[in-house]
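*Asks:* Attaching a single structure in structure tokens format; questions to follow.
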Amino acid sequence: MNCVIERNSVKALGKAIHALSRIGNELWLDPMAKGLALRSVNAAHSAYGCFLFSPMFFKQYSLESGSKQGSKAIKCKLVMKSVLPLFRCLTSIERSVERCHISVSTATDRVIIQFFCRHGIIKTHNIHFQESEALQAVFDSHLCPNVLKAPARLLADMVVHFPLFQEEITLSITPLKVTVRNYQQGGKGPMKTTYTEMSLHPNEFDYFQIGLDSDITFCLKELRGILSFAESRSLPVSVYLDAAGKPVCFSVEDVVLEATVLLATVTDSDSRDHSQPTESLTPKISRCVSSPAQPVAVSQGPGSRSCTVPDELIPSSQRSHVISCPGATRLPDIRESTCLSVDSQEWTSSASSPASTKVCSLLFNALSSQQDEDGCAAQLPVLACYSDEENTDDNHPRSPSL
Amino acid sequence: MKFRGKITDIACLNHFTRVVTTISKLTKTCVLRLTPDHLFFILPGKVTNGGVGMWCQLLQANFFQEYQMEGVTSEVQEICLEVSPEPWSRALKTVQSAKSVKLKLTRKHCACVTVAAELPTLSSVGRVVTHDVPVDVIPRRLWQEFQEAGVPDFDVSVYLPPLKTMKSVVDRMKNLSNFLVMEANLNGDMNLKIQTDLVSVTTHFKDLGNPAWGVDSSQDGGPSQSRDPEVMAEVTVDIRKLQQFLMGQQVNPSKALCNIVHQNVVHLVLLHEDVSLQYFIPAVA
Chain P
1 MNCVIERNSV
11 KALGKAIHAL
21 SRIGNELWLD
31 PMAKGLALRS
41 VNAAHSAYGC
51 FLFSPMFFKQ
61 YSLESGSKQG
71 SKAIKCKLVM
81 KSVLPLFRCL
91 TSIERSVERC
101 HISVSTATDR
111 VIIQFFCRHG
121 IIKTHNIHFQ
131 ESEALQAVFD
141 SHLCPNVLKA
151 PARLLADMVV
161 HFPLFQEEIT
171 LSITPLKVTV
181 RNYQQGGKGP
191 MKTTYTEMSL
201 HPNEFDYFQI
211 GLDSDITFCL
221 KELRGILSFA
231 ESRSLPVSVY
241 LDAAGKPVCF
251 SVEDVVLEAT
261 VLLATVTDSD
271 SRDHSQPTES
281 LTPKISRCVS
291 SPAQPVAVSQ
301 GPGSRSCTVP
311 DELIPSSQRS
321 HVISCPGATR
331 LPDIRESTCL
341 SVDSQEWTSS
351 ASSPASTKVC
361 SLLFNALSSQ
371 QDEDGCAAQL
381 PVLACYSDEE
391 NTDDNHPRSP
401 SL
Chain S
1001 MKFRGKITDI
1011 ACLNHFTRVV
1021 TTISKLTKTC
1031 VLRLTPDHLF
1041 FILPGKVTNG
1051 GVGMWCQLLQ
1061 ANFFQEYQME
1071 GVTSEVQEIC
1081 LEVSPEPWSR
1091 ALKTVQSAKS
1101 VKLKLTRKHC
1111 ACVTVAAELP
1121 TLSSVGRVVT
1131 HDVPVDVIPR
1141 RLWQEFQEAG
1151 VPDFDVSVYL
1161 PPLKTMKSVV
1171 DRMKNLSNFL
1181 VMEANLNGDM
1191 NLKIQTDLVS
1201 VTTHFKDLGN
1211 PAWGVDSSQD
1221 GGPSQSRDPE
1231 VMAEVTVDIR
1241 KLQQFLMGQQ
1251 VNPSKALCNI
1261 VHQNVVHLVL
1271 LHEDVSLQYF
1281 IPAVA
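If you read the protein sequences in the order shown, they are chains P and S.
Counting from 1, one number per residue, gives the positions in the first sequence under our numbering.
Counting from 1001, one number per residue, gives the positions in the second sequence under our numbering.
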């Protein structure tokens, strides 16, 4: 893969990387015919972000690596810590960078990012990558009963009232009112925390469709990145939401790019109840190369999300160790402490699915034998899986990827 | 016990926010004492604070367009609360464009001061933001700690140099030493001195002027006539406490002065038309 980005767009790319850095510690690069996708997911698999830059965004865009003709575009995974510092200071990038070249060198396992700056200065960064399957989440926004659309400014004005350390917020919508309030996990004494609530009327939104009164709790920190990106480009933000427990989708698009952030939500948002029990275990996550994979259908454009949305939820994933699992660590009856370790790849799936709160595992269907085999695709909360492009399966409906 | 205050004037809101922000930079928690005419933010000078004391007095009428309170009993028209000013400061800073801001004493899961703001919007229905900030009601038996300390029996009283200048001097000095000597005399001279094994640095301020306390002084604290105007009264203080005082200043005072009790305490006084802030820094033992 080989591409050239002009100066104004370099800042947009930098902002996208900033937004993704709020989500995960790794950055997936997926060069495709329809554009370059940058994706990230958090350790707990409860937040996913994807920025897709169409070929029009670039001055030049080519899938072939310079040296090897006919070689397939490599999908790679980079450590966010290596990439973020390159784009850390956006104002100085805006001032001095004239263009940016990004290319992938399979010979040396490096992604080469070159900044061509003023005064003839060229900064070249070689970043090691790991080849990886594409990271994708599957989400059908058409099936969401509630859709809001508003300028980024409005959403920013809603979240500005919450301090930067506020982890999670609850968004409630009814036909008469939209409210955001901070979500307080049990365990902290009431003395410690300020309770903040902000409400506004639905007619402030550019588009407001409500099929179902809902109350969803999700991580604010992971959202701030895309809001800041949307504000910088003055783009409207679309919010697709459903009942508590189903993921919420924030999406931004313009002619040359599409950005999406999917966040898991807490189910059964009895949000003030300090005893938030959480189903804290996920099935074993494995690369589903060998299993019937959700095929990667090429998304035709913003409108083409068309797959079934899963009806049930996988027992929840852990929140990452950065974001504490709502209630999970405070449950006296949590069985294994190992389940809280995000480093561990072995999570035993819990047999019971209590009606109590669960965090919907957003991504990464474990297509392992532990899966309930009689669940059809609609039953499985398959939101994403690793997959090879070539793997298709006629038994499973095509699902669009993001 | 009831309290409800409403600010609808943007300038008042701005001013109040800056006062609260200044307080929040000086201390993490303090006592808020409410009376029918005043609000006081008080930090009693205790050993636990390192002996630092603070007294900030606001005339309520200059900030609130509406103000109602009922004290703990019908005879005692006062309320004392232990508050953390930082969440207030954060809450107020984001509503600077509000049409109105109300502060109310409420009881939610615990006693709270609710900051409720109505934000302007193009639609017919306004946006409403509320912040419930938990507070602690202080029982009456502890109230005697929160009476005004009064002006100490000082040796020298002098006007302060511009706070910004002082701050930049103190910031640099902090890199060299933990202790700073403040001294001043009745000739309007003030020195800030530090001394280490390797170096001693003194910054001299001249012609600052000395406030005339005269008969207004509540105690026999007026500069004695017999005191030699050249003789310096000095106090050695922890430089970080002085720096903290200077860092937090958000309100430009119309008068800034300093009373020094030799080897005892520095009493800093900032006066604004509707706010007065006093800060006591004890001498280092």
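Ideal Cβ placement from N, Cα and C applies to all residues, glycine included.
Computed from a predicted structure; not experimentally measured.
Quick check on residue 197 of chain P - is its C-beta less than 8 Å from some C-beta in chain S?
*Replies:* Working through the first sequence from its first residue, we reach residue 197 of chain P at position 197. Yes, residue 197 of chain P counts as interfacial toward chain S.
*Asks:* Rounded to the nearest angstrom, what separates residue 204 of chain P and residue 174 of chain P at their Cα positions?
*Replies:* Along the first sequence, read from residue 1 onward, the residue named residue 204 of chain P stands at position 204. Along the first sequence, read from residue 1 onward, the residue named residue 174 of chain P stands at position 174. Taking the straight line joining both Cα atoms gives about 14 Å.
*Asks:* I need the DSSP call for residue 120 of chain P, collapsed to helix, strand or coil.
*Replies:* Position 120 of the first sequence, counting from 1, holds the residue named residue 120 of chain P. In the structure shown, residue 120 of chain P sits in a helix (DSSP, three-state: H, G or I).
*Asks:* Report, in whole angstroms, the separation of the C-beta atoms of residue 27 of chain P and residue 80 of chain P, which I expect to be a contact under 8 Å.
*Replies:* Stepping through the first sequence from its first residue, residue 27 of chain P is reached at position 27. Stepping through the first sequence from its first residue, residue 80 of chain P is reached at position 80. Going by Cβ atoms, the distance from residue 27 of chain P to residue 80 of chain P rounds to 5 Å, so yes, they are a contact pair.
*Asks:* In this structure, how does DSSP classify residue 100 of chain P when only helix, strand and coil are distinguished?
*Replies:* For the purposes of this step, residue 100 of chain P is taken as the residue at position 100 of the first sequence. Here residue 100 of chain P sits in strand by DSSP.
*Asks:* Using a Cβ cut-off of 7 Å, pull out every chain P residue sitting near residue 1125 of chain S, in sequence order please.
*Replies:* Sequence index remark: in the second sequence, residue 1125 of chain S carries index 125 (1-based). Those within 7 Å of residue 1125 of chain S in chain P are 201.
*Asks:* Buried or exposed for residue 113 of chain P, going by 16 or more other Cβ atoms inside 10 Å?
*Replies:* As a first step, residue 113 of chain P is located in the first sequence; it is residue number 113 there, counting from the start. Buried.
*Asks:* Tell me, please, whether the CB atom of residue 174 of chain P is closer than 8 Å to any CB atom in chain S?
*Replies:* Stepping through the first sequence from its first residue, residue 174 of chain P is reached at position 174. No, residue 174 of chain P does not count as interfacial toward chain S.
*Asks:* By how many angstroms is the C-alpha of residue 196 of chain P removed from the C-alpha of residue 222 of chain P?
*Replies:* Taking the first sequence and counting its residues from 1, one reaches residue 222 of chain P at position 222. Taking the first sequence and counting its residues from 1, one reaches residue 196 of chain P at position 196. Their backbone Cα atoms lie some 19 Å apart in a straight line.
*Asks:* Compute the beta-carbon to beta-carbon distance between residue 1114 of chain S and residue 1130 of chain S, rounded to the nearest angstrom, for a pair I have assumed lies under 8 Å.
*Replies:* Taking the first residue of the second sequence as position 1, residue 1114 of chain S is located at position 114. Taking the first residue of the second sequence as position 1, residue 1130 of chain S is located at position 130. With a Cβ gap of about 6 Å, residue 1114 of chain S and residue 1130 of chain S count as contacting.
*Asks:* Using a Cβ-Cβ cut-off of 8 Å, state whether residue 163 of chain P counts as contacting chain S.
*Replies:* Counted from its first residue, the first sequence places residue 163 of chain P at position 163. True, the Cβ-Cβ gap to chain S drops below 8 Å.
*Asks:* What residues match up with residue 1129 of chain S in a beta bridge as DSSP calls it?
*Replies:* As a position in the second sequence, residue 1129 of chain S is number 129, starting the count at 1. Answer is P:198, S:1117, bridged to residue 1129 of chain S.
*Asks:* I need the DSSP call for residue 24 of chain P, collapsed to helix, strand or coil.
*Replies:* For this step, residue 24 of chain P is matched to residue 24 along the first sequence. Three-state DSSP puts residue 24 of chain P in coil, outside helix and strand.
*Asks:* Using only the alpha-carbon positions, how far apart do residue 1110 of chain S and residue 1163 of chain S sit?
*Replies:* By one-based count along the second sequence, residue 1110 of chain S stands at place 110. By one-based count along the second sequence, residue 1163 of chain S stands at place 163. Each residue's alpha carbon lies about 39 Å from the other.
*Asks:* Residue 1053 of chain S lies in the alpha helix (DSSP H); which residues open and close that run?
*Replies:* Within the second sequence, the letter at position 53 stands for residue 1053 of chain S. Premise fails: residue 1053 of chain S lies in the beta strand (DSSP E), 1053 to 1059, not in any alpha helix (DSSP H).
*Asks:* Can you find a C-beta in chain S that's less than 8 Å from the C-beta of residue 258 of chain P?
*Replies:* Position 258 of the first sequence, counting from 1, holds the residue named residue 258 of chain P. Not a single C-beta of chain S is nearer than 8 Å to the C-beta of residue 258 of chain P.
*Asks:* Check the DSSP bridge columns for residue 148 of chain P and list the partner residues they point to.
*Replies:* One-based indexing of the first sequence puts residue 148 of chain P at position 148. Partner(s): P:208, P:239.
*Asks:* Just to confirm the assignment: which complete alpha helix (DSSP H) runs, minimum length 4, are found wholly within the segment 1180 to 1262 of chain S?
*Replies:* 1239 to 1247
*Asks:* Taking 6 Å as the limit between beta carbons, can you name the residues of its chain near residue 950 of chain S, skipping five residues before and five after?
*Replies:* In the structure as shown, chain S starts at 1001 and stops at 1285, and residue 950 of chain S therefore has no counterpart that could be examined.
*Asks:* Taking residue 1108 of chain S as the query, report the chain P residues whose CB atoms sit under 8 Å from its CB, ordered along the chain.
*Replies:* Taking the second sequence and counting its residues from 1, one reaches residue 1108 of chain S at position 108. What residue 1108 of chain S touches in chain P: 195.
*Asks:* Where does residue 47 of chain P sit, in a helix, a strand or coil, going by DSSP?
*Replies:* As a first step, residue 47 of chain P must be located in the first sequence, where it is residue number 47. In the structure shown, residue 47 of chain P falls within a strand segment according to DSSP collapsed to helix, strand and coil.
*Asks:* Return yes when the Cβ of residue 14 of chain P is within less than 8 Å of the Cβ of residue 87 of chain P, no when it is not.
*Replies:* Sequence index remark: in the first sequence, residue 87 of chain P carries index 87 (1-based). Sequence index remark: in the first sequence, residue 14 of chain P carries index 14 (1-based). Going by C-beta atoms, residue 87 of chain P is nearer than 8 Å to residue 14 of chain P.
*Asks:* Examine chain P for any beta-carbon lying closer than 8 Å to the beta-carbon of residue 1020 of chain S, and answer yes or no.
*Replies:* Mapped onto the second sequence, residue 1020 of chain S falls at position 20. No, residue 1020 of chain S does not count as interfacial toward chain P.
*Asks:* Are the C-beta atoms of residue 1015 of chain S and some chain P residue less than 8 Å apart?
*Replies:* In the second sequence, the residue the question calls residue 1015 of chain S occupies position 15. Chain P, which has no Cβ nearer than 8 Å to the Cβ of residue 1015 of chain S, makes this no.
*Asks:* Note down the Cα distance separating residue 219 of chain P from residue 1279 of chain S, rounded to an integer number of angstroms.
*Replies:* One-based indexing of the first sequence puts residue 219 of chain P at position 219. One-based indexing of the second sequence puts residue 1279 of chain S at position 279. The straight-line gap from Cα to Cα measures roughly 41 Å.
*Asks:* On the CB-based measure, 16 or more other CB atoms within 10 Å of its CB, does residue 75 of chain P come out buried or exposed?
*Replies:* As a first step, residue 75 of chain P must be located in the first sequence, where it is residue number 75. When all chains shown are included, residue 75 of chain P counts as buried.
*Asks:* Quick one: Cα of residue 61 of chain P to Cα of residue 117 of chain P, how far?
*Replies:* Translated into positions along the first sequence, residue 61 of chain P becomes position 61. Translated into positions along the first sequence, residue 117 of chain P becomes position 117. When rounded, the distance between both Cα atoms is 20 Å.
*Asks:* Measuring only the C-alpha atoms, how far is residue 1264 of chain S from residue 1235 of chain S?
*Replies:* Here residue 1264 of chain S is taken as the residue at index 264 of the second sequence, counted from 1. Here residue 1235 of chain S is taken as the residue at index 235 of the second sequence, counted from 1. Using only the alpha carbons, I get a separation of about 6 Å.
*Asks:* Quick one: does residue 168 of chain P have its CB under 8 Å from some CB of chain C?
*Replies:* Note that chain C does not occur in the displayed structure, where the protein chains are P and S.
*Asks:* Are the C-beta atoms of residue 1085 of chain S and some chain P residue less than 8 Å apart?
*Replies:* Taking the second sequence and counting its residues from 1, the one referred to as residue 1085 of chain S is at position 85. False, the Cβ-Cβ gap to chain P never drops below 8 Å.
*Asks:* Quick check on residue 1072 of chain S: does DSSP put it in helix, strand or coil?
*Replies:* If you number the second sequence from 1, residue 1072 of chain S lands on position 72. It is coil, neither helix nor strand.
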